[in-house]
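S.K.: Sharing a structure here in structure tokens format.
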Amino acid sequence: MEEERKDKFLAPENEIRQVAAPDGSIIEVDPLEDYFTQERPKPYKVRKGPVENFLNWARAESLWVLGFGTGCGSIEIPPLVTPRYDMFRFGVQMRATPRQSNVFIISGYLSVKTLKRVIRTYEQMPSPKYVMGLGSCTINGGMYFDSYNTINRLDHYLPVDVYIAGCMPRPEALLAGFAKLKELIKEGKGHKANEYVENFDWYKDNQKKVINDWNMPDYNW
Amino acid sequence: MQDTIKNLTERFGASNMIEKKPGLIFITIEQSKAISAVTYLRDIEGYTVLTLLTAVDWIEDNVFQLTYLLNNPEQITEIGLRVMIDREKAEMESAHHLWPNVEVYQRELKEMYGINFPGSPRIDENFILEGWNDKPPYRRDFDTKEYAENNFFPRPGRKTNDPAEYMKQKMYPNNPSDYTNKKYNPNR
Amino acid sequence: MEKSKLFTLNEDRSLYPEHDENGKPIVDLSSHKFLKIWQGPQHPGVTGNMSLELTVSGDEIVESKTHVGYLHRGFEKLMERRKYIQCFPTCIRMCVAEPDPNEYVLSNAIEELSGIEVPEMAKWLRTLVLEMARLQVLLRGVPGQAGTFALGLGYQWGNYLRDLILDSFEELTGGRVYHMYILPGGVRGLLPDGFKKRMEDKLKLIDEFMIKIDKLIFQNVVFESRARGLGYIPKEWVDVYGVYGPAARAAGVMRDVRKTNPYLKYSELDFEPYTTTDSDVFARTEVRYNDLKMTVDLIRQIMAKMPEKGDIKAETPNVMHWKIPKGETYSKCESSRGEYGMYMVSDGSDKPRRVNLKGPSYTHANALLDRLLINANIADTAAIMVSLATCPPEIER
Chain S
167 MEEERKDKFL APENEIRQVA APDGSIIEVD PLEDYFTQER PKPYKVRKGP
217 VENFLNWARA ESLWVLGFGT GCGSIEIPPL VTPRYDMFRF GVQMRATPRQ
267 SNVFIISGYL SVKTLKRVIR TYEQMPSPKY VMGLGSCTIN GGMYFDSYNT
317 INRLDHYLPV DVYIAGCMPR PEALLAGFAK LKELIKEGKG HKANEYVENF
367 DWYKDNQKKV INDWNMPDYN W
Chain W
28 MQDTIKNLTE RFGASNMIEK KPGLIFITIE QSKAISAVTY LRDIEGYTVL
78 TLLTAVDWIE DNVFQLTYLL NNPEQITEIG LRVMIDREKA EMESAHHLWP
128 NVEVYQRELK EMYGINFPGS PRIDENFILE GWNDKPPYRR DFDTKEYAEN
178 NFFPRPGRKT NDPAEYMKQK MYPNNPSDYT NKKYNPNR
Chain F
3 MEKSKLFTLN EDRSLYPEHD ENGKPIVDLS SHKFLKIWQG PQHPGVTGNM
53 SLELTVSGDE IVESKTHVGY LHRGFEKLME RRKYIQCFPT CIRMCVAEPD
103 PNEYVLSNAI EELSGIEVPE MAKWLRTLVL EMARLQVLLR GVPGQAGTFA
153 LGLGYQWGNY LRDLILDSFE ELTGGRVYHM YILPGGVRGL LPDGFKKRME
203 DKLKLIDEFM IKIDKLIFQN VVFESRARGL GYIPKEWVDV YGVYGPAARA
253 AGVMRDVRKT NPYLKYSELD FEPYTTTDSD VFARTEVRYN DLKMTVDLIR
303 QIMAKMPEKG DIKAETPNVM HWKIPKGETY SKCESSRGEY GMYMVSDGSD
353 KPRRVNLKGP SYTHANALLD RLLINANIAD TAAIMVSLAT CPPEIER
């Protein structure tokens, strides 16, 4: 803990500071200790038999997508909401906050600066959660394979359930991706969030290799 | 336009004028007189809009070229001022007092080329990159492919072909010398 | 320390923030009068992936800083290690919402540097494609302005019509969002059979949509009372802050590259961009609404005046060995947001030495937005951003 304190990248809002309480007394606040937990994430319980099948059916039929356009693929999301493609009929809808959503569409390339925000947002989503990689750039870097600021393989940083290839993928391809995701969840293969927890150290190593100024707690739940 | 060029040449020692198309000229100015020339163009000659401020890395001559592109909305003409600055001691007078946007351009140049503009507000703040600890990326000696291969995880299986070699093999698989026999004429 | 009050009523808020002798607000975060909040990058009210660092007093913004870089891919670096023809599919990803001006400025810069003259037919087709691109952006943008005040219906209509235009693009070019149609030297193909008729049918739908949108947005009391007087740009700021396109025309300054520096076939078309002097969000929406009308009219004019057949591509050297003579140029066109330009430097090799793209968002979203947001309400941030039509990938590239 002491070593992290000396980190020159520590965000100003995470520094130890003194705050006046409403009754006038001065208290010391250590944001990393007080606002975040040091505990590691725990996997959620996967049940067996018909209970799990029922839960999987319920999860598959209510995919709530976080409205975070991380790249250029987000231009094809608004048509999905309009009557022509209408994703509501598949139980898919957009939510504004990570606390209410369970599908994260990584729409295209991820620059290093966005990756940091994406990790933070992903960890704030409640489990079970699913990640869709949109576009060729999430698979192998696509046309930005030699760029110094975009990551090449998304699956080294976050567990990915479904990839949708193309640059850019059409709305129909996105709908097919949702259908595939439903299929996977109903088969009981949608527990990638547990995989993230089990291989937590490997993912964190990869993430910290790219993000040089790690100024947040290891796990932001 | 002609008067402006004449004034620039006489007062600020501008040289090397090239008229690219009607209403767009590029002209070279010495580093010490550049900001006063920009101020002169803005205040006296009516070049009131700064279209862009950017840099070019001429690594073989060991200079950076700064380009101030100014627009005159009345006469509908544009002047590009080229300023050559030393690459080793990359420093330029700040022009943030002339337009509020210049500050942003200069922050970008500082980050991407390492050109310093002393006195410009927020010049040391991050603009685009975050936690960058390598050479400024737009410099010619920074190899972006090598950096990407070392830092990110390239997916194995990506094959890169030299287009010329590849086409030679594809088009003339039996007799590759046919390809070289055909004379390449760039003006064809 | 004195006991701080939890609630204070009827306090004169006009004193906050206090100003120093230079007129700058004194923002002291530890005084409990201010709050720092971030809007974005994960926020539905931001245009794309960017963020604003807002310091607020109550719900009034006293300071704003734009943070960009979330979409930086280093295009300008990538293009330095690609051949000219490889730059062409790369550069169009620079602004996603409207990719065609990217294609045009790159092709035009290459043609200017190497001295290629484009055939007449290709010029007509380029004009048509650029106008269609403007049409599809404005169909989303004009109702999207009402969407920032939570009036989402027009946005749904506009998106449906935009899809129809994208279908036309697919017919003409094969691509839905990225078209790769205007390549150096000309264009890739002629109009398919019956294209004009199908386009005319879609334009009729848009005409009906325009009447409905006028009732839905401009006759709407909520929209009018919120948008009037919001985000006022004085006329003097247009040159100083670098305001382009519809935002400048709303301030009464004629800034339209199609009119001032006619390129392609615009000198043969009959049009007059709409200007007004109110210069608030309402006026900017009005200008873009009239732009949309003008674009529909321009597409009709182009389809009537353009020849049926003709040469569509000038002779170019083998693209694998294409060396461009040494030189530099700045080519520009009018996008839906304003002047869109590309500065290209060639060193005589087969790869560009430097490519720099300058879009209007660069000035709109940085200095101007920071200035406009002062004294605005948090709830109006999205409206001001959308009215300036900021497109973050164009700022950081």
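Protein chains in written order, with our numbering: chain S, 167 to 387; chain W, 28 to 215; chain F, 3 to 399.
Note that the Cβ used here is the ideal one computed from N, Cα and C, for glycine as well.
Treat the numbers as computed from the prediction; the structure is a model and nothing was measured.
1. Classify Lys102 (chain W) as buried or exposed, calling it buried when 16 or more other Cβ atoms lie within 10 Å of its own Cβ.
2. Measure from the C-beta of Met3 (chain F) to each C-beta in chain S and report whether the shortest distance is under 8 Å.
3. Compute the beta-carbon to beta-carbon distance between Gln319 (chain S) and Asn306 (chain S), rounded to the nearest angstrom, for a pair I have assumed lies under 8 Å.
4. Exposed or buried, what is His124 (chain W) when buried is set at 16 or more other beta-carbons lying within 10 Å of its beta-carbon?
5. Report the residues of the segment 239 to 264 of chain S with a CB closer than 9 Å to any CB of chain F, ordered along the chain.
6. My output table needs one value for Glu157 (chain W): the three-state DSSP class, helix, strand or coil.
7. With DSSP as the reference, label Thr68 (chain F) as helix, strand or coil.
8. Assign Arg399 (chain F) to one of two classes, buried (16 or more other C-beta atoms within 10 Å of its C-beta) or exposed (fewer than that).
9. Can you give me the start and stop residues for the beta strand (DSSP E) that Phe159 (chain S) sits inside?
10. Check whether the Cβ of Thr383 (chain F) lies closer than 8 Å to any Cβ atom in chain S.
11. Is there a Cβ from chain W that is less than 8 Å from the Cβ of Met167 (chain S)?
12. Keeping to the same chain, check which residues put their C-beta closer than 6 Å to that of Gln237 (chain S); ignore five residues upstream and five downstream.
13. Can you tell me the Cα-Cα spacing of Arg142 (chain F) and Asp382 (chain F), whole angstroms?
14. Tell me the DSSP secondary structure of Pro163 (chain W) in three-state form.
15. Assuming Gly187 (chain F) and Thr57 (chain F) are in contact, meaning their beta carbons sit under 8 Å apart, how far apart are those beta carbons, in whole angstroms?
16. Can you round the beta-carbon distance between Gly343 (chain F) and Cys97 (chain F) to whole angstroms, since I take them to be within the 8 Å contact cut?
17. Please tell me whether Leu218 (chain F) and Gly156 (chain F) are closer than 8 Å, where the distance is taken between their beta carbons.
18. In the segment 75 to 87 of chain F, which residues sit with their C-beta less than 9 Å from some C-beta in chain W, listed in chain order?
19. Tell me, which residues are paired with Cys393 (chain F) by DSSP?
20. In angstroms with no decimal places, state the Cα-to-Cα distance between Gly332 (chain S) and Asn43 (chain W).
21. Cβ closer than 9 Å: which chain W residues qualify as neighbours of Glu114 (chain F)?
22. What three-state label does DSSP hand His160 (chain F) in the structure shown?
23. Where are the alpha helix (DSSP H) runs, 4 residues long or more, that stay fully inside the segment 51 to 103 of chain F, in chain order?
24. So what does DSSP say about Thr203 (chain S), is it helix, strand or coil?
25. Can you give me the C-alpha to C-alpha distance between Val391 (chain S) and Pro292 (chain S), rounded to a whole angstrom?
26. On the DSSP bridge list, what partners appear for Leu108 (chain W)?
27. Give the interface partners of Asn315 (chain S) over in chain F, defined as CB-CB distance under 7 Å, in chain order.
28. State the start and end residues of the unbroken beta strand (DSSP E) segment that holds Asp189 (chain S).
29. DSSP three-state call for Ala224 (chain S): helix, strand or coil?
30. For the alpha helix (DSSP H) holding Trp239 (chain F), just list the boundary residues, first then last.
31. Give the range of the alpha helix (DSSP H) segment to which Tyr132 (chain W) is assigned.
32. Check whether the Cβ of Met382 (chain S) lies closer than 8 Å to any Cβ atom in chain F.
33. Can you grab the Cα-Cα spacing for the pair Lys237 (chain F) / Leu371 (chain F), in whole Å?
34. Near Asp313 (chain F), what residues of its chain come up, given a Cβ to Cβ distance below 7 Å and the 5 sequence neighbours on each side ignored?
35. Straight-line CA distance for Gln221 (chain F) to Ala253 (chain F)?
36. Compare the C-beta of Thr287 (chain S) with all C-beta atoms of chain F and state if any pair is closer than 8 Å.
M.R.: In short:
1. By one-based count along the second sequence, residue 102 (chain W) stands at place 75. A quick correction: the sequence has Gln, not Lys, at residue 102 (chain W). With fewer than 16 Cβ atoms within 10 Å of its Cβ, Gln102 (chain W) is classed as exposed.
2. Here residue 3 (chain F) refers to the residue found at position 1 when the third sequence is read from its first residue. The pLDDT assigned to Met3 (chain F) is 44, lower than 50, so where the model puts this residue is not dependable; a value taken from the coordinates is nonetheless given after this. It does; some Cβ of chain S falls within 8 Å.
3. Here the question's residue 319 (chain S) lines up with position 153 in the first sequence. Here the question's residue 306 (chain S) lines up with position 140 in the first sequence. Note on residue identity: the sequence assigns Arg, not Gln, to residue 319 (chain S). About 6 Å; that satisfies the 8 Å criterion.
4. On the second sequence, residue 124 (chain W) is found 97 positions in, with the first residue counted as 1. By the 10 Å Cβ count, His124 (chain W) comes out exposed.
5. Gly239, Ser240, Ile241, Glu242, Pro244, Pro245, Val247, Thr248, Pro249, Arg250, Tyr251, Met260, Ala262, Thr263 and Pro264
6. As a position in the second sequence, residue 157 (chain W) is number 130, starting the count at 1. Three-state DSSP puts Glu157 (chain W) in coil, outside helix and strand.
7. As a working note, residue 68 (chain F) is residue 66 in the third sequence. Residue state, collapsed to three classes: strand.
8. Translated into positions along the third sequence, residue 399 (chain F) becomes position 397. By the 10 Å Cβ count, Arg399 (chain F) comes out buried.
9. Since the displayed chain S opens at 167 and closes at 387, residue 159 (chain S) lies outside it and no answer follows.
10. As a working mapping, residue 383 (chain F) is identified with position 381 in the third sequence. Answer no: the Cβ-Cβ gap between Thr383 (chain F) and chain S never drops below 8 Å.
11. Here residue 167 (chain S) is taken as the residue at index 1 of the first sequence, counted from 1. Low local confidence applies: a pLDDT of 42 at Met167 (chain S) is under 50, so the model's placement there is unreliable, and no value is given.
12. Taking the first residue of the first sequence as 1, we reach residue 237 (chain S) at position 71. For clarity, residue 237 (chain S) is Gly in the given sequence; the question names Gln instead. Excluding sequence neighbours, Gly237 (chain S) sits near Ser273, Gly274 and Tyr275.
13. Taking the first residue of the third sequence as 1, we reach residue 142 (chain F) at position 140. Taking the first residue of the third sequence as 1, we reach residue 382 (chain F) at position 380. Cα to Cα, the separation comes out at about 19 Å.
14. Taking the second sequence and counting its residues from 1, one reaches residue 163 (chain W) at position 136. Looking at Pro163 (chain W) - three-state DSSP - the assignment turns out to be coil, as it is neither helix nor strand.
15. Your numbering for residue 187 (chain F) matches position 185 in the third sequence. Your numbering for residue 57 (chain F) matches position 55 in the third sequence. No, Gly187 (chain F) and Thr57 (chain F) are not in contact; Cβ-Cβ is about 51 Å, not under 8 Å.
16. The sequence position of residue 343 (chain F) within the third sequence is 341, counting from 1. The sequence position of residue 97 (chain F) within the third sequence is 95, counting from 1. The pair is not a contact, with the Cβ atoms about 12 Å apart (cut-off 8 Å).
17. As a working note, residue 218 (chain F) is residue 216 in the third sequence. As a working note, residue 156 (chain F) is residue 154 in the third sequence. Taking 8 Å as the Cβ cut-off, Leu218 (chain F) and Gly156 (chain F) qualify as a contacting pair.
18. Gly76, Glu78, Lys79, Leu80, Glu82, Arg83 and Lys85
19. If you number the third sequence from 1, residue 393 (chain F) lands on position 391. Paired residues: none, contrary to the question.
20. Taking the first residue of the first sequence as position 1, residue 332 (chain S) is located at position 166. Taking the first residue of the second sequence as position 1, residue 43 (chain W) is located at position 16. Distance between the alpha carbons of Gly332 (chain S) and Asn43 (chain W) is about 48 Å.
21. What you label residue 114 (chain F) is simply residue 112 of the third sequence in a count that begins at 1. Here the neighbours are Lys47 and Lys48.
22. Mapped onto the third sequence, residue 160 (chain F) falls at position 158. Position check: residue 160 (chain F) holds Gly in this sequence, whereas His was assumed. Three-state DSSP puts Gly160 (chain F) in a helix.
23. 77 to 82 and 86 to 93
24. Position 37 of the first sequence holds residue 203 (chain S). Thr203 (chain S): coil per DSSP, three-state reduction.
25. The structure shown does not extend to residue 391 (chain S), since chain S is modelled only from 167 to 387, so the question has no answer here.
26. Within the second sequence, the letter at position 81 stands for residue 108 (chain W). According to DSSP, Leu108 (chain W) bridges with W:Ile54 and W:Tyr95.
27. Looking up residue 315 (chain S) in the first sequence gives position 149. The contacting residues are His74, Arg75 and Gly76.
28. Locating residue 189 (chain S) in the first sequence gives position 23, counting from the first residue. Asp189 (chain S) -> no beta strand (DSSP E), and no H or E assigned at all.
29. Here residue 224 (chain S) refers to the residue found at position 58 of the first sequence. Here Ala224 (chain S) sits in helix by DSSP.
30. Translated into the one-based positions of the third sequence, residue 239 (chain F) becomes position 237. Here the alpha helix (DSSP H) through Trp239 (chain F) covers Trp239 to Tyr243.
31. Locating residue 132 (chain W) in the second sequence gives position 105, counting from the first residue. Note, Tyr132 (chain W): alpha helix (DSSP H), Val129 to Tyr140.
32. What you label residue 382 (chain S) is simply residue 216 of the first sequence in a count that begins at 1. No, no contact with chain F.
33. For this step, residue 237 (chain F) is matched to residue 235 along the third sequence. For this step, residue 371 (chain F) is matched to residue 369 along the third sequence. Between Lys237 (chain F) and Leu371 (chain F), the C-alpha separation is close to 16 Å.
34. The residue labelled residue 313 (chain F) in the question sits at position 311 within the third sequence. Counting only Cβ-Cβ distances below 7 Å, and skipping sequence neighbours, we find Pro121 and Met123.
35. Taking the third sequence and counting its residues from 1, one reaches residue 221 (chain F) at position 219. Taking the third sequence and counting its residues from 1, one reaches residue 253 (chain F) at position 251. When rounded, the distance between both Cα atoms is 22 Å.
36. Residue 287 (chain S) sits at position 121 when you count from the first residue of the first sequence. Yes, contact with chain F.
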